[in-house]
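My numbering puts the first residue of the sequence shown at 73, with every later residue one more than the last.
Heads up, the thing below is written out as structure tokens.
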Amino acid sequence: MSDLSHVGPTGEARMVDVSGKAVSARVARASGSIRMERNTLDAIRANNLAKGDVLSVARIAGIMAAKRTADLIPLCHPLPITDIQVDLEMDSALPGVRVQAIVRTSAQTGVEMEAITAVSVTLITVYDMAKAVDRAMV
Numbered sequence: 073m074s075d076l077s078h079v080g081p082t083g084e085a086r087m088v089d090v091s092g093k094a095v096s097a098r099v100a101r102a103s104g105s106i107r108m109e110r111n112t113l114d115a116i117r118a119n120n121l122a123k124g125d126v127l128s129v130a131r132i133a134g135i136m137a138a139k140r141t142a143d144l145i146p147l148c149h150p151l152p153i154t155d156i157q158v159d160l161e162m163d164s165a166l167p168g169v170r171v172q173a174i175v176r177t178s179a180q181t182g183v184e185m186e187a188i189t190a191v192s193v194t195l196i197t198v199y200d201m202a203k204a205v206d207r208a209m210v
């Protein structure tokens, strides 16, 4: 078990010590999508849902989530995030919404978890905003 970075010599979970690592520029990208009924995508496109502007709210939720990753994932280091980009694309062929997040920092460890968290919460927010008209989204 000692070969795993988040497991101590006796099997206990622990945060990795990154104090010996040099600070360097880090970037991580993550992507995901949510499929939905075509009429749901049309309602999002027309900004015709009761909860409001789905894509704007979801983008802000993803940005906020990336900044809170260390509070959500127990062994993640809190990091000084220098940039978060969350892009949403309505895809008629899916049909649904595709999300990509790019997160940057200058730190001793990477921002992969922050990018994944941004995408996850963005997609969860799309679901929350549109679930009144489509509970079959995946």
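Think of the CB as a built atom: it goes at the ideal place given N, C-alpha and C, for glycine as much as any other residue.
A quick note: this is a predicted structure, and the numbers were derived from the prediction, not measured.
Point to revise | Proximal residues to ARG110 (C-beta, below 6 Å), its chain only, five neighbours per side dropped | key: PRO167
Check your understanding: Helix or strand or just coil, what does DSSP make of VAL90?
Key -> coil
Review point. Per DSSP, what kind of secondary structure is MET136 in: helix, strand or coil?
Key: helix
Practice item. Use the C-beta contact count for ALA208: other C-beta atoms within 10 angstroms, 16 or more gives buried, fewer gives exposed. Key: exposed
Practice item. Could you tell me whether the stretch 98-110 touches the stretch 191-207, using the rule of 3 or more Cβ pairs below 8 Å? Key: yes
Exercise for review: Answer with buried or exposed for ARG131, where buried requires no fewer than 16 other C-beta atoms within 10 angstroms of its C-beta.
Suggested key: buried
Check your understanding: Nearest-angstrom Cα distance between SER91 and ASP159?
Key -> 33 Å
Exercise for review: Rounded to whole angstroms, what's the CA-CA distance from ILE145 to ALA122? Just pull it up for me.
Suggested key: 32 Å
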